[in-house]
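Everything on this sheet refers to the single structure shown next.
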Amino acid sequence: MQLGLAGCWALVGAYALTTSEQAHAQITPDATLSSESSVVTPNLVIRDLASDRIDGGAIRGSNLFHSFREFNVGEARGVYFTHPEGIKNILTRVTGTSRSEILGRLGVLGNANLFLLNPNGILFGQNARLDIQGSFVGSTANSLKFADGFEYSATAPQATSLLTLSVPVGLQYGANPGGIQVIGDGQGLRLTSDLIDTTNALRVEPNQTLALVGGDISLEGATIKTAGGRIELGSVAGNSFVSVTPINKGFALGYDGVQNFGNIQLSQQTAVDGSGAGSGDIQVVGRRVTLSNGSQIEASTLATESGGSLKVIATELLKITGISSDDPLPTTGLFSAAYPGATGNGGDLTINTSELLIQNGGQVSTATYGSGKGGNLALTANKVQLIGTSGDGRFASGLYSAANPGATGNAGDLTINTTELLIQNGGQVSTATYGSGKAGNLALTANKVQLIGTSSNGQFPSGLFSVANPGATGNAGDLTINTSELLIQDGAAVSASTFSSSKAGNLTITANKVQLIGTSSDGEFLSSLYSQAASGSTGNAGDLTINTTELLIQNGAQVDTGTFGSGNGGNLTLTANKVQLMGFSSDAQFPSGLFSGADSGSTGNAGDLTINTTELLIQNGALVNTGTAGSGNGGNLALTANKVQLIGTSSDGRFASSLSSQGDSGSTGNAGDLTINTTELLIQNGGQVSAGTFGSGNGGNLALTANKVQLIGTSSNGQIPSGLSSQGDSGSIGNAGDLTINTGELLIQNGALVTAQARGQGNAGNININVARLLRATNGDITTTAERSSGGAITITAKDIRLFGDSDIATNVLSGVGGGGNITLNANSIIALNDSDILAFARDGR
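Shown next as structure tokens:
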């Protein structure tokens, strides 16, 4: 690049100091057009600039042909083509061996389109400008092809008699197409909503095309603009054919005849901008397309017309790199928006690539700020990686669709189709609304999805998000994931949320395997799938649905639906062949599990939690829970499974592996019911199933239907018995619910327990047990207890009842306020051995 510029400056110096013959070294016609050769008139003043005027050429119908051995435009000078009447296309070729260097102004004295072909390459310098009313096509093709088969070749010039009246249909490239380089000052990024926000640019008029198509293309601080026209950037390898099709906005280029592509690089705050009254169309096609250092491609709608499209095709890689340092450069990326005040819809943004890498805060987004709808964002790729944030931590690398503050139009949908998606270190994909417009839907289809970690500053969890933000009145969009494998790890998240009066979107996962593992390194973010109505919100949360072959949640990760406001929480529905919930976070603060809740201060109801699975394993303190800590009711918990196992406690022995429904301390809402339908239930080593209340609301009922139930042992520290319980805890006012068991066989042993308790003012629930065959207790108890209220009754119907060791069936009322619960046993045989008892006890004799 430095050698080329040095050569240009030397040449310009010679031009300024010597005779007009030196000007023809800048623009030198060749002899291929014979008597119709181009004529250069130097040193004129055209539009207040010292310029050369080009006349002559060969006219055929609406085509004007020019041919030069060299074609350059000097610094601070102009070159203008005259425009004979009736001419639509000025077709210019360079037949020499040097690239064209456009350092000043290149123009047409009329409204014709200008084609410039130089197979050796084209350089546009920092002060290069276009003064063209029509379209401009700059190309390093060998020849321009026409509809009648004629080729206007720069490498094999034809006789003048063969020139055609036909229209150009394409560009034919040689074995090694020259490159195109555009150098600018990096000051062309859009800062206003004006149609023309800068004239310091390579620019064509609205509804015209600016096309640069060649070998490798390098844009270094360049500014390429049209206010609502069309921009084409194409990089092709050898022996390619690019079609050229006339359209309303000039020309559309097609690449069906290209087997291999070249590279396109945008750096140093390059701006490629098609924004206008309605956004222009932008198409970028290459093998490796890279944007860095604050470079942007934008096609936005600024007024009343609907937007065009922004399309990037990279056959190998699209790489968008933001700012790795604290330098306050703009965000690198691709953007389509309907600006404030715009009533036209924003254009769609489409990416097709083998691999997409967005890093260091680079972004791709569609948005609306006005009454127009935001454009859709569609990505198709084999591999997608969204990694990290900008150096200052303000911008997360990602894909975004938003209805921004003040917008009344809806945001567009965001769709991703990929083989593999990796989002790491704070990268994000998000659809959001901040205004009265609705957020778009987010739909992901992938073979493998990995969401890992948070940003280095701990502010951004990696993940996928649908959000109705504070102040929004438009609803959030739905979030849908279809994948073979979903991994959420180290504090990453997938969520659908509302922070406003708007409804959150639904979150739906369909996968063969879903894994949620751990928390962020600082413990601030859980690896999670969640749907929520956040604190202060009045809108309802959306439903969360998971359909998977296998679900694994461990080390403090969570799946959660909840409400923290006056809106209702969403329902959580899980359908799986196998579900494993294991352990706590490394800091022992968060249990792994599935949750539906109404949080403290909320007035909305929690949603229901439904599990349909072949096998459920809850281990090492993991938890499935529905609850309420507010005035809203807790949701119901319903489990249907072939096999259910609840085993052990957390490593510190404080928390049981459990299924529970409860009203928390301070809550006034009722807890939901807990229902289990299973072939086999095993609760062991301190595992528990419980329904209870700690507040003034009533506890839910617990109903179990199974073929076989085994309750075995206590926790390793002996503090937590394995079992089934309905309880009203100390300080509770509400009544505990009933506990009902219907099973073929019930085994209670080694300190396990079936109990209904009331430690507060509310009454204890009743225990109803129906056993088709054998109820056997060995050092296990069935009890109801009321400390300050009426005790619950125990009713057991079984074929046979066997009590061994220190096993009791007992009701207890400890204060004199309420009556003792009745015990009713219906069995063919009852045998109580050793120290076993059947006892109804009321301390004051009731």
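The numbers in this note's numbering rise by one with no breaks, and the one at position 375 of the sequence shown is 376. Don't be surprised by glycine CBs; every beta carbon is placed ideally from N, CA and C.
Task: Three-state class that DSSP yields for residue 134 in the structure shown - done: What you label residue 134 is simply residue 133 of the sequence shown in a count that begins at 1. Residue state, collapsed to three classes: coil.
Task: Limits of the beta strand (DSSP E) - the one that residue 555 falls within - done: Sequence index remark: in the sequence shown, residue 555 carries index 554 (1-based). Note, residue 555: beta strand (DSSP E), 545 to 555.
Task: Rounded Cβ spacing between residue 701 and residue 647 (contact assumed at less than 8 Å) - done: Locating residue 701 in the sequence shown gives position 700, where the first residue counts as 1. Locating residue 647 in the sequence shown gives position 646, where the first residue counts as 1. Rounded, the Cβ-Cβ distance is 18 Å, inconsistent with contact.
Open item on the list: Quick check: the Cα distance between residue 616 and residue 580, rounded to an integer number of angstroms?
Closed with: The residue you call residue 616 lines up with position 615 of the sequence shown. The residue you call residue 580 lines up with position 579 of the sequence shown. Spanning the two alpha carbons is a distance of roughly 6 Å.
TODO: Tell me whether the beta-carbon of residue 477 lies closer than 7 Å to the beta-carbon of residue 518.
DONE: Your numbering for residue 477 matches position 476 in the sequence shown. Your numbering for residue 518 matches position 517 in the sequence shown. Contact: no.
TODO: Indicate whether the contact test is met: 3 or more Cβ pairs, each with one atom in the stretch 153 to 171 and one in the stretch 184 to 194, closer than 8 Å.
DONE: Counting C-beta pairs closer than 8 Å gives fewer than three between the stretch 153 to 171 and the stretch 184 to 194, which falls short of the contact rule.
TODO: Please name the residue in 720, 392, 443 whose C-alpha comes closest to that of residue 402.
DONE: Against the sequence shown, residue 402 aligns to sequence position 401. Cα-wise, what sits closest to residue 402 is 443.
TODO: Put residue 233 into one of helix, strand or coil per three-state DSSP.
DONE: By one-based count along the sequence shown, residue 233 stands at place 232. Strand at residue 233.
Task: CA-to-CA distance, residue 175 to residue 265, given in whole angstroms - done: Within the sequence shown, numbered from 1, the residue matching residue 265 stands at position 264. Within the sequence shown, numbered from 1, the residue matching residue 175 stands at position 174. Each residue's alpha carbon lies about 18 Å from the other.
Open item on the list: Just list the residues that DSSP pairs residue 297 with in beta bridges.
Closed with: Taking the first residue of the sequence shown as 1, we reach residue 297 at position 296. Checking the DSSP bridge columns, you'll see residue 297 partnered with 272, 334.
Task: Pair within 7 Å by beta-carbon distance, residue 719 and residue 750 - done: Translated into the one-based positions of the sequence shown, residue 719 becomes position 718. Translated into the one-based positions of the sequence shown, residue 750 becomes position 749. With contacts defined as CB atoms closer than 7 Å, residue 719 and residue 750 fail to qualify as a contacting pair.
- [ ] Quick one: measure Cβ to Cβ for residue 267 and residue 292, integer angstroms, because I've assumed they're closer than 8 Å.
- [x] Position 266 of the sequence shown, counted from the first residue, corresponds to residue 267. Position 291 of the sequence shown, counted from the first residue, corresponds to residue 292. Rounded, the Cβ-Cβ distance is 5 Å, consistent with contact.
Open item on the list: Measuring only the C-alpha atoms, how far is residue 153 from residue 144?
Closed with: The count along the sequence shown starts at 1 and reaches residue 153 at position 152. The count along the sequence shown starts at 1 and reaches residue 144 at position 143. So the alpha carbons of these two residues sit roughly 5 Å apart.
TODO: Quick one: grab the DSSP three-state call for residue 266.
DONE: Working through the sequence shown from its first residue, we reach residue 266 at position 265. Looking at residue 266 - three-state DSSP - the assignment turns out to be strand.
- [ ] Would you identify the three-state DSSP class for residue 102, choosing helix, strand or coil?
- [x] Here residue 102 is taken as the residue at index 101 of the sequence shown, counted from 1. Of the three classes helix, strand and coil, the one that applies to residue 102 here is strand, per DSSP.
Task: Test item: CB-CB of residue 404 and residue 434 under 7 Å - done: Here residue 404 is taken as the residue at index 403 of the sequence shown, counted from 1. Here residue 434 is taken as the residue at index 433 of the sequence shown, counted from 1. The answer is yes: Cβ separation under 7 Å.
TODO: With DSSP as the reference, please indicate the residues paired to residue 418 in a beta bridge.
DONE: Counted from its first residue, the sequence shown places residue 418 at position 417. Residue pairing by DSSP places residue 418 opposite 381, 446 in a beta bridge.
- [ ] With a threshold of 16 other CB atoms inside 10 Å of the CB of residue 588, please say whether the residue is buried or exposed.
- [x] What you label residue 588 is simply residue 587 of the sequence shown in a count that begins at 1. It is exposed - the Cβ of residue 588 has fewer than 16 other Cβ atoms within 10 Å.
Open item on the list: If contacts are defined as beta-carbon pairs under 8 Å, then residue 608 and residue 638 qualify, I think. What distance do you get, rounded to the angstrom?
Closed with: In the sequence shown, residue 608 corresponds to position 607, counting from 1. In the sequence shown, residue 638 corresponds to position 637, counting from 1. In fact, because the Cβ distance is near 11 Å, the residues do not count as touching under 8 Å.
Open item on the list: Per DSSP, what are the beta-bridge partners of residue 409 in this structure?
Closed with: In the sequence shown, residue 409 corresponds to position 408, counting from 1. In DSSP, residue 409 forms no bridge with anything.
Open item on the list: Considering only their Cβ atoms, is the gap separating residue 372 from residue 410 smaller than 7 Å?
Closed with: Taking the sequence shown and counting its residues from 1, the one referred to as residue 410 is at position 409. Taking the sequence shown and counting its residues from 1, the one referred to as residue 372 is at position 371. Taking 7 Å as the Cβ cut-off, residue 410 and residue 372 qualify as a contacting pair.
Task: Start-end ranges of the alpha helix (DSSP H) lying completely within the stretch 550 to 636, minimum 4 residues - done: Counting only runs that start and end inside the stretch 550 to 636, there is no alpha helix (DSSP H) element of at least 4 residues.
TODO: May I ask you to report which of helix, strand or coil DSSP gives residue 717?
DONE: The residue you call residue 717 lines up with position 716 of the sequence shown. Note: residue 717 maps to coil in three-state DSSP.
Task: Residues of its chain near residue 430, where Cβ-Cβ distance is below 8 Å and the 5 sequence neighbours each way are ignored - done: Numbered from 1 along the sequence shown, position 429 holds the residue referred to as residue 430. Taken in chain order, the residues that qualify are 387, 399, 400, 401, 415, 417, 424, 443, 445, 464, 465, 466.
Task: For residue 289, the residue or residues it bridges with in DSSP - done: One-based indexing of the sequence shown puts residue 289 at position 288. Beta bridge pairing from DSSP links residue 289 with 264, 318.
Task: Straight-line gap, residue 755 to residue 625 (C-alpha atoms, nearest Å) - done: Here residue 755 corresponds to residue number 754 of the sequence shown, with the count starting at 1. Here residue 625 corresponds to residue number 624 of the sequence shown, with the count starting at 1. Rounded to whole angstroms, the separation of the alpha carbons of residue 625 and residue 755 is 19 Å.
TODO: Look at the Cβ atom of residue 692, then the Cβ atom of residue 705, and state whether they are nearer than 7 Å.
DONE: Walking along the sequence shown from the start, residue 692 turns up at place 691. Walking along the sequence shown from the start, residue 705 turns up at place 704. Taking 7 Å as the cut-off, the Cβ atoms of residue 692 and residue 705 do not count as close.
Task: residue 27: first and last residue of the uninterrupted alpha helix (DSSP H) it sits in - done: As a first step, residue 27 must be located in the sequence shown, where it is residue number 26. From DSSP, the alpha helix (DSSP H) with residue 27 extends over 21 to 27.
Task: Alpha-carbon to alpha-carbon, residue 50 and residue 81 - done: In the sequence shown, counting from the first residue as 1, residue 81 sits at position 80. In the sequence shown, counting from the first residue as 1, residue 50 sits at position 49. Distance from the CA of residue 81 to the CA of residue 50, rounded to the nearest whole angstrom, comes to 11 Å.
Open item on the list: Quick test of your reading: residue 255 and residue 236, contact by CB under 8 Å. State the CB separation rounded to the nearest angstrom.
Closed with: Against the sequence shown, residue 255 aligns to sequence position 254. Against the sequence shown, residue 236 aligns to sequence position 235. Not quite, the Cβ-Cβ distance comes to about 15 Å (not below 8 Å), so this is no contact.
- [ ] Count the other C-beta atoms from every protein chain shown that fall within 10 angstroms of the C-beta of residue 98, then say buried if there are 16 or more, exposed otherwise.
- [x] Residue 98 sits at position 97 when you count from the first residue of the sequence shown. Its Cβ having fewer than 16 others within 10 Å, residue 98 is exposed.
Task: Beta-carbon proximity list for residue 632, same chain, < 6 Å, skipping 5 on both sides - done: Indexing the sequence shown from 1 puts residue 632 at position 631. Counting only Cβ-Cβ distances below 6 Å, and skipping sequence neighbours, we find 604, 669, 670.
Open item on the list: Measuring straight from C-alpha to C-alpha, what distance separates residue 91 and residue 156?
Closed with: Here the question's residue 91 lines up with position 90 in the sequence shown. Here the question's residue 156 lines up with position 155 in the sequence shown. Rounded to whole angstroms, residue 91 and residue 156 show a C-alpha spacing of 19 Å.
Open item on the list: Can you give me the C-alpha to C-alpha distance between residue 341 and residue 395, rounded to a whole angstrom?
Closed with: Working through the sequence shown from its first residue, we reach residue 341 at position 340. Working through the sequence shown from its first residue, we reach residue 395 at position 394. Approximately 23 Å, taken between the alpha carbons.
TODO: Using the DSSP secondary-structure output, state which residues sit across from residue 479 in a beta bridge.
DONE: Here residue 479 refers to the residue found at position 478 of the sequence shown. According to DSSP, residue 479 bridges with nothing at all.
- [ ] Measure the C-alpha to C-alpha separation of residue 23 and residue 100 and round it to an integer number of angstroms.
- [x] On the sequence shown, residue 23 is found 22 positions in, with the first residue counted as 1. On the sequence shown, residue 100 is found 99 positions in, with the first residue counted as 1. Only weak support exists for where residue 23 lies, its pLDDT of 39 falling under 50; the value from the coordinates is given anyway. Going by the C-alpha atoms only, they are around 18 Å apart.
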